[in-house]
Amino acid sequence: MIALFHASAGQGHQKAAEAVHKALLIQEYPCPRPVDTLELLRPGFRRLYRDGYHYLARKNTRLLELLYRTTDHPGQGGFLHASRLKIQKRLAPGFSPILQCRQPDVIVCTHFLPLELLWEKRSRPFSRSVVVAILTDLFPHGLWIHPHVDHYVVPTEDARQELVAMGVPPGRIHLHGIPVDPRFSRKTPSMEARRNLGLPEKPTLLVLSGGFGTAPLCHVLDSFRQVKKDISLVLVAGRNERLRNALEARKNDFPFPVRVLGFTDNLSEWMDASDIVLTKPGGLTTSETLSKGIPLILLPPQGGQEKRNRDYLLFRHAAIATKKEEAGKTAVHLLENPEKCQTLIRSCRRIARPDAAETISAFLIDLDQRLTGSLP
Numbered sequence: 007m008i009a010l011f012h013a014s015a016g017q018g019h020q021k022a023a024e025a026v027h028k029a030l031l032i033q034e035y036p037c038p039r040p041v042d043t044l045e046l047l048r049p050g051f052r053r054l055y056r057d058g059y060h061y062l063a064r065k066n067t068r069l070l071e072l073l074y075r076t077t078d079h080p081g082q083g084g085f086l087h088a089s090r091l092k093i094q095k096r097l098a099p100g101f102s103p104i105l106q107c108r109q110p111d112v113i114v115c116t117h118f119l120p121l122e123l124l125w126e127k128r129s130r131p132f133s134r135s136v137v138v139a140i141l142t143d144l145f146p147h148g149l150w151i152h153p154h155v156d157h158y159v160v161p162t163e164d165a166r167q168e169l170v171a172m173g174v175p176p177g178r179i180h181l182h183g184i185p186v187d188p189r190f191s192r193k194t195p196s197m198e199a200r201r202n203l204g205l206p207e208k209p210t211l212l213v214l215s216g217g218f219g220t221a222p223l224c225h226v227l228d229s230f231r232q233v234k235k236d237i238s239l240v241l242v243a244g245r246n247e248r249l250r251n252a253l254e255a256r257k258n259d260f261p262f263p264v265r266v267l268g269f270t271d272n273l274s275e276w277m278d279a280s281d282i283v284l285t286k287p288g289g290l291t292t293s294e295t296l297s298k299g300i301p302l303i304l305l306p307p308q309g310g311q312e313k314r315n316r317d318y319l320l321f322r323h324a325a326i327a328t329k330k331e332e333a334g335k336t337a338v339h340l341l342e343n344p345e346k347c348q349t350l351i352r353s354c355r356r357i358a359r360p361d362a363a364e365t366i367s368a369f370l371i372d373l374d375q376r377l378t379g380s381l382p
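Residues are numbered in my numbering as their position in the sequence shown, beginning at 1, plus a constant of 6.
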């Protein structure tokens with residue numbers, strides 16, 4: 007059996023696990039729903055883990071960057087490291103029972119927290135399980151690197167080389183991409199998508215804040231005040247109701263239509279309706295946009311992993327970057343330069359892996375069948 011674990015500290019980790027789960031079901035391979043590891047933590051620790059990250063992403067990205075750098079050391083050892091893992095395990099009393107109940111042959115993690123909780127794997131009843139880590143950003147981080155991880159799924163050749171430099175044997179690394187929902191591998195014509203969503207037939211810009219609404223969308227919206235072009239603007243505030251209300255209060259100040267959404271589970275359709283996507287450089291959202299082949303404008307990163315994602319996409323000419331105060335000007339300039347748009351689209355298609363979820367699920371099925379001896 008395959009067991010999927012994520013952590014809802016960031017929406018991307020959950021979406022990656024759900025994409026793999028959906029791909030497994032499409033291939034008619036039974037698999038329980040992904041488990042949110044945060045729900046297995048003691049309530050106080052769960053709030054600290056989840057809310058602490060969201061607070062830093064919104065209010066103190068410098069401290070988030072500092073934490074990223076100071077923990078980016080693979081194979082951290084010593085007394086303090088072992089003590090932290092032991093304390094963390096005691097604060098997650100629901101983790102071992104669910105593993106003992108399911109007895110999975112393959113444990114798949116799309117966040118480093120469940121990987122850390124497995125650090126005593128070899129001495130536990132589930133010691134024979136194979137552990138697979140699926141990276142959800144374009145580069146690895148030291149917190150993902152553990153000796154008990156049997157396989158790493160990475161999105162880029164650069165990430166593969168970096169893992170090798172960190173001491174991971176090349177045979178354990180598999181270049182399959184970041185898993186996105188299979189819907190992002192298909193594209194509906196923009197006119198049809200706009201009609202289905204009730205949008206006007208105008209150049210459409212989609213601005214994303216991340217699943218938990220941590221991007222500075224009010225500043226981004228204000229940057230469009232000087233825009234004279236007849237456009238349609240769609241802003242997605244995620245699960246941040248305060249942000250959504252603030253955007254709603256501003257949307258009628260503009261001469262063009264502005265649509266404000268909260269969390270949406272049909273982001274694929276909104277991307278189909280859009281000519282350009284503006285988003286912070288999270289691993290999942292950028293992978294979804296690349297899969298659609300839509301020109302991408304990157305808002306300022308929040309934390310070290312997003313900064314590395316941004317730098318990689320800029321280096322590959324698959325995106326352009328903007329300051330939040332200049333987002334409107336940058337977007338309109340790109341709309342008025344179709345050759346630049348086509349260059350971005352071609353670069354997107356070169357590095358996109360829209361079938362990553364299907365490829366990863368096939369890899370996991372093969373692994374599971376080999377372990378259980380059920381290969382034909």
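Cβ atoms here follow ideal geometry from the backbone N, Cα and C, with glycine treated the same way. Source: prediction; values computed, not measured.
Going along the chain, which residues of its own chain have a beta-carbon closer than 7 Å to the beta-carbon of residue i, five neighbours each way excluded?
| i | result |
| --- | --- |
| residue 67 | 308 and 309 |
| residue 312 | 286, 287 and 288 |
| residue 166 | 160, 179 and 181 |
| residue 248 | none |
| residue 219 | 243, 244, 245, 246 and 249 |
| residue 332 | 229 |
If we count the other Cβ atoms within 10 Å of its Cβ and call it buried at 16 or more, is residue i buried or exposed?
| i | result |
| --- | --- |
| residue 33 | exposed |
| residue 278 | buried |
| residue 371 | buried |
| residue 37 | buried |
| residue 69 | exposed |
| residue 385 | Residue 385 lies beyond the range of the chain shown here (7 to 382); nothing can be said about it. |
| residue 145 | buried |
| residue 176 | exposed |
| residue 282 | buried |
| residue 17 | buried |
| residue 107 | exposed |
| residue 58 | exposed |
| residue 20 | buried |
| residue 321 | exposed |
| residue 25 | buried |
| residue 379 | exposed |
| residue 403 | This structure does not reach residue 403, given that the chain is present from 7 up to 382, and the question cannot be answered. |
| residue 143 | buried |
| residue 334 | buried |
Run through DSSP, which three-state label would residue i get?
| i | result |
| --- | --- |
| residue 281 | coil |
| residue 291 | helix |
| residue 237 | coil |
| residue 41 | strand |
| residue 138 | strand |
| residue 357 | helix |
| residue 158 | strand |
| residue 181 | strand |
| residue 104 | helix |
| residue 118 | helix |
| residue 225 | helix |
| residue 321 | helix |
| residue 371 | helix |
| residue 300 | coil |
| residue 51 | helix |
| residue 151 | coil |
| residue 327 | strand |
| residue 194 | coil |
| residue 85 | Legend: pLDDT at residue 85 = 48, less than 50; position of this residue unreliable, value from coordinates given subsequently. Helix at residue 85. |
| residue 305 | coil |
| residue 129 | With a pLDDT of 47 at residue 129, under the threshold of 50, the modelled position of this residue cannot be trusted; read the value that follows with caution. In this structure, residue 129 counts as helix in the three-state DSSP scheme. |
| residue 186 | coil |
| residue 69 | helix |
CB-CB under 6 Å to residue i, same chain, minus the five flanking residues each way: which ones, in chain order?
| i | result |
| --- | --- |
| residue 269 | 244 and 245 |
| residue 85 | Because residue 85 carries a pLDDT of 48, less than 50, the predicted location of this residue cannot be relied on, and the following value inherits that uncertainty. Correct list: empty, nothing qualifies. |
| residue 129 | With a pLDDT of only 47 at residue 129, under the threshold of 50, the placement of this residue in the model should not be trusted, and no figure is reported. |
| residue 359 | 183 |
| residue 23 | 10, 12, 40 and 116 |
| residue 350 | 301 |
| residue 341 | 209 |
| residue 221 | 215, 286 and 305 |
So, under 8 Å CB-CB, residue i and residue j are touching, yes? Tell me the CB distance rounded to an integer number of Å.
| i | j | result |
| --- | --- | --- |
| residue 191 | residue 361 | 6 Å |
| residue 398 | residue 325 | As shown, the chain starts at 7 and ends at 382. That puts residue 398 outside it, with no answer to give. |
| residue 344 | residue 329 | Actually they do not touch by this definition, with Cβ atoms about 24 Å apart. |
| residue 140 | residue 185 | 7 Å |
| residue 383 | residue 205 | The shown model of the chain, from 7 to 382, leaves out residue 383, and the question about it has no answer. |
| residue 199 | residue 275 | 6 Å |
Heavy atom of the ligand MN less than 7 Å from the Cβ of residue i, yes or no?
| i | result |
| --- | --- |
| residue 339 | The ligand MN is absent from the structure shown, which contains no ligands of any kind. |
For residue i, I'd like the list of residues in its chain whose CB is within less than 8 Å of its CB, leaving aside the five on either flank, ordered along the chain.
| i | result |
| --- | --- |
| residue 136 | 111, 112, 113, 156, 157, 373 and 377 |
| residue 356 | 322 and 324 |
| query | Are there three or more Cβ pairs, one per stretch, closer than 8 Å when the region 227-241 is compared with the region 57-73? | reply | Contact check between the region 227-241 and the region 57-73: fewer than three CB pairs, one atom from each, fall below 8 Å, which does not count as touching.
| query | Counting Cβ pairs closer than 8 Å, one from the region 260-268 and one from the region 288-305, do we hit at least three? | reply | The region 260-268, when compared against the region 288-305, does not touch it at the 8 Å Cβ threshold.
| contact_flag[the region 365-379, the region 11-31] where n(CB pairs < 8 Å) is 3 or more | Short answer: they touch.
| query | Just checking, does the region 110-120 make contact with the region 11-24 on the three C-beta pairs under 8 Å criterion? | reply | The region 110-120 makes contact with the region 11-24, as at least three CB pairs between them are under 8 Å.
| said: Does the contact criterion of 3 or more C-beta pairs under 8 Å hold for the region 97-104 versus the region 44-62? | reply: The region 97-104 makes contact with the region 44-62, as at least three CB pairs between them are under 8 Å.
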